[in-house]
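Q: Once you've had a glance at the structure underneath, I'll fire off some questions.
Numbering (this note's numbering), first residue to last: 259 to 347.
What follows is the structure in C-alpha cells.
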C-alpha cells in the first residue's frame, strides 16, 4: 500500500469530488450537447477509480471515492441520442 501525505490525500479527495460533480453535470446535460468522446473518457476513468479502492486507507478519500463511483451507475454506456452539435461541449 502506498503511503500519502495529508496534503496529497486532500488533493486526491478534491479530484474525486470533482469527478463526481462532473458525472452529475453530464447526466443532467442534454445528450446532444456533450461530445461522445467526453462520455468515453469519463467512462474510461471507472476502472481507475475502482483500482483506487485497493489503495485507499484514508476515510476522506474513501468517502470521495464512494461518491464518485456511485455517480457512475447510469453511465454503463453513453446516451443513445448523442449527436454532437457545433455548440457541444
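Note that beta-carbon positions come from the ideal geometry of N, C-alpha and C, so glycine has one too.
Computed from a prediction, not measured in an experiment: that's the story for all the values here.
What does a CB cutoff of less than 8 Å around residue 275 pick up in its chain, not counting 5 residues either side in sequence?
A: Here the question's residue 275 lines up with position 17 in the chain shown. So the list reads 322, 325, 326, once near-sequence residues are dropped.
Q: Does DSSP put residue 307 in a helix, a strand or coil?
A: Position 49 of the chain shown, counted from the start, is the residue given in the question as residue 307. Helix at residue 307.
Q: Flag this pair as yes or no: are the beta carbons of residue 308 and residue 267 separated by less than 8 Å?
A: The residue given as residue 308 occupies position 50 in the chain shown. The residue given as residue 267 occupies position 9 in the chain shown. In this structure, residue 267 does not lie closer than 8 Å to residue 308 by Cβ.
Q: One question on the structure: do residue 273 and residue 329 come within less than 8 Å of each other, judged by their Cβ atoms?
A: Sequence index remark: in the chain shown, residue 273 carries index 15 (1-based). Sequence index remark: in the chain shown, residue 329 carries index 71 (1-based). No, these two residues do not count as a Cβ contact at 8 Å.
Q: Quick one: what does DSSP say residue 269 is sitting in, helix, strand or coil?
A: The residue labelled residue 269 in the question sits at position 11 within the chain shown. Looking at residue 269 - three-state DSSP - the assignment turns out to be helix.
Q: Buried or exposed, going by whether 16 or more other CB atoms sit within 10 Å of the CB of residue 263?
A: Stepping through the chain shown from its first residue, residue 263 is reached at position 5. Residue 263 comes out exposed.
Q: Identify whether residue 326 lies in helix, strand or coil by the three-state DSSP scheme.
A: Taking the chain shown and counting its residues from 1, one reaches residue 326 at position 68. The answer is helix: DSSP assigns residue 326 an H, G or I state.
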